[in-house]
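There are 2 protein chains.
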Amino acid sequence: MDNPKDIRPGEVAIALPAAFDAGVYFIGHIRTPFKSRAECPKNTAESDAIGRVELDPRYAAGLEDLALYSHVHLLYWMDQARRDLIQQVPAHLGRPRGTFALRSPVRPNPIALATVELVGIAGTALTVRNVDCIDGTPLLDIKPYFASIDSFPNARRP
Amino acid sequence: MDNPKDIRPGEVAIALPAAFDAGVYFIGHIRTPFKSRAECPKNTAESDAIGRVELDPRYAAGLEDLALYSHVHLLYWMDQARRDLIQQVPAHLGRPRGTFALRSPVRPNPIALATVELVGIAGTALTVRNVDCIDGTPLLDIKPYFASIDSFPNARRP
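In order, the protein sequences belong to chains A and B. The first sequence begins at 0 in numbering that gives the first Met the number 0 and counts up one residue at a time. The second sequence begins at 0 in numbering that gives the first Met the number 0 and counts up one residue at a time.
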């Protein structure tokens with residue numbers, strides 16, 4: 000996927016380190032209606048889609064009390080994204096912007112953060128609303144959403 | 000660190016998979032006033048501390064335009080946390096709760112999400128407010144905070 004030819008004018012690729020520093024487990028997968036990157040909504044705010052988070056049964060006990068929350072963070076692994084672009088040219092912007100100033104899947108560690116509404120839990124499957132990722136995306140973590148530490152309605156952006 | 004003896008009554012440990020599914024790079028480190036877990040604030044809402052995010056110079060170009068944002072998400076690797084507890088007994092709760100219903104550092108993939116105020120950027124160092132992690136914590140990612148997709152002030156919690 001890290002084909003140097005797949006780069007837009009103005010984008011910047013870097014050499015990544017020779018070795019990883021730590022390893023992650025895929026703890027489940029996210030089922031969504033989107034079969035390709037082209038079908039995915041731009042972000043969770045532009046999606047009403049219902050998704051299903053299928054947790055590996057090994058981790059079932061970890062869901063205890065999660066239903067007490069209305070929203071959860073999903074951390075997932077964007078396994079189709081290249082990792083070596085440090086500046087990217089988003090179509091909506093038309094000029095380069097730093098990878099850390101973008102929510103693009105393309106980043107050194109392709110970990111996405113998506114906050115979704117928790118609709119229900121049955122066994123090891125969560126039904127959630129507002130998913131935006133490709134069907135089958137590997138899951139890394141589920142965290143409860145705490146407005147006290149996660150919500151900044153007046154945060155400034157360009 | 001995964002010493003079976005370091006477990007509270009009611010906590011549940013599981014066998015983790017034999018191999019990792021993907022690897023992460025430590026892209027920098029977070030410098031904070033907190034030299035041990037005991038010194039760390041409970042969360043970012045209980046911290047006014049100023050921290051310094053030191054990005055590896057390899058990734059410098061990724062910061063372009065980040066200063067346009069008032070808040071950023073930091074994803075960091077809690078390298079002192081065990082990964083095998085799937086139910087935990089937080090001191091404030093006094094009974095077991097599922098790991099995915101807690102923001103505890105202890106989880107299969109010890110990736111923390113902390114949203115901090117971006118005070119300034121100089122070279123490859125970010126000055127941020129509200130840090131809660133141990134000095135030297137490895138950094139995985141920086142993302143801009145978008146109120147449109149990240150802020151849910153009315154999210155329900157127990």
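Ideal Cβ positions, reconstructed from N, Cα and C, are used throughout, including at glycine.
- Less than 9 Å separates the beta-carbon of B:Arg57 from that of B:Ile26.
- Judged by DSSP in its simplified three-state form, A:Arg57 adopts helix.
- The segment 67-81 of chain B and the segment 140-147 of chain B touch, with three or more beta-carbon pairs separated by less than 8 Å.
- Bounds of any alpha helix (DSSP H) do not take in B:Asp20, whose DSSP letter is neither H nor E.
- Counting along the chain, B:Ala121 sits inside the beta strand (DSSP E) bounded by residues Ile110 to Ala121.
- Three or more pairs of CB atoms, one per stretch, sit closer than 8 Å, so the segment 104-124 of chain B contacts the segment 77-92 of chain B.
- Across the set B:Ile49, B:Asn42, B:Val127 and B:Phe151, the C-alpha of B:Val127 shows the shortest separation from the C-alpha of B:His70.
- Here B:Asn129 is buried. Its C-beta has 16 or more other C-beta atoms within 10 Å.
- In this structure, B:Pro157 keeps its C-beta atom at 9 Å or more from the C-beta atom of B:Val88.
- A:Ala100 carries a helical assignment under DSSP once its states are collapsed to helix, strand and coil.
- Close to B:Pro8, with beta-carbon spacing below 7 Å, lies no residue of chain A; the smallest spacing is near 15 Å.
- Contact annotation, A:Gly97 with B:Glu63: C-beta distance approximately 4 Å; criterion of less than 8 Å satisfied.
- Residue burial is scored here from C-beta neighbours: B:Ala17 has fewer than 16 other C-beta atoms within 10 angstroms and is therefore classed as exposed.
- Rounded to whole angstroms, the separation of the alpha carbons of B:Leu101 and B:Pro95 is 10 Å.
- Closer than 7 Å at the C-beta level to chain B, one finds these residues of the segment 51-82 of chain A: Arg57, Tyr58, Ala60, Gly61, Leu62, Glu63, Asp64, Leu65, Leu67, Tyr68, Ser69, His70, His72, Leu74 and Trp76.
- For A:Pro95, the nearest beta carbon of chain B is closer than 9 Å to its own beta carbon.
- Against chain A, the CB of B:Gly119 has no partner CB under 9 Å away; the residue lies outside that interface.
- Contact with chain B is absent for A:Gly135, since none of that chain's Cβ atoms lies less than 9 Å from the residue's Cβ.
- A Cβ-Cβ separation of about 7 Å places A:Thr114 in contact with A:Thr43 under the 8 Å criterion.
- When DSSP states are grouped into helix, strand and coil, A:Thr31 belongs to the coil group.
- The alpha-carbon of A:Ala48 is positioned some 15 Å away from that of A:Arg36.
- In this structure A:Tyr144 is not in contact with B:Leu15, their Cβ atoms being roughly 26 Å apart against a cut-off of 8 Å.
- If you draw a 10 Å sphere on the C-beta of B:Ser46, you find 16 or more other C-beta atoms in it, and that means buried.
- At least 9 Å separates the CB of A:Asp47 from every CB of chain B.
- At a cut-off of 9 Å between beta-carbon atoms, A:Pro32 makes no contact with chain B.
- B:Val11 has a beta carbon lying within less than 9 Å of a beta carbon in chain A.
- In the DSSP assignment, B:Pro143 is bridged to B:Val71.
- In the three-state reduction of the DSSP assignment, B:Arg7 falls in the coil class, being assigned neither a helical nor a strand state.
- Contact note: B:Thr98 reaches chain A through Gly61, using a C-beta cutoff of 7 Å and chain order.
- Take the alpha-carbon of A:Pro152 and the one of B:Ser147: they are about 8 Å apart.
- The beta carbon of A:Val11 is closer than 6 Å to those of Ile85 and Gln86 in its chain, skipping five residues each way along the sequence.
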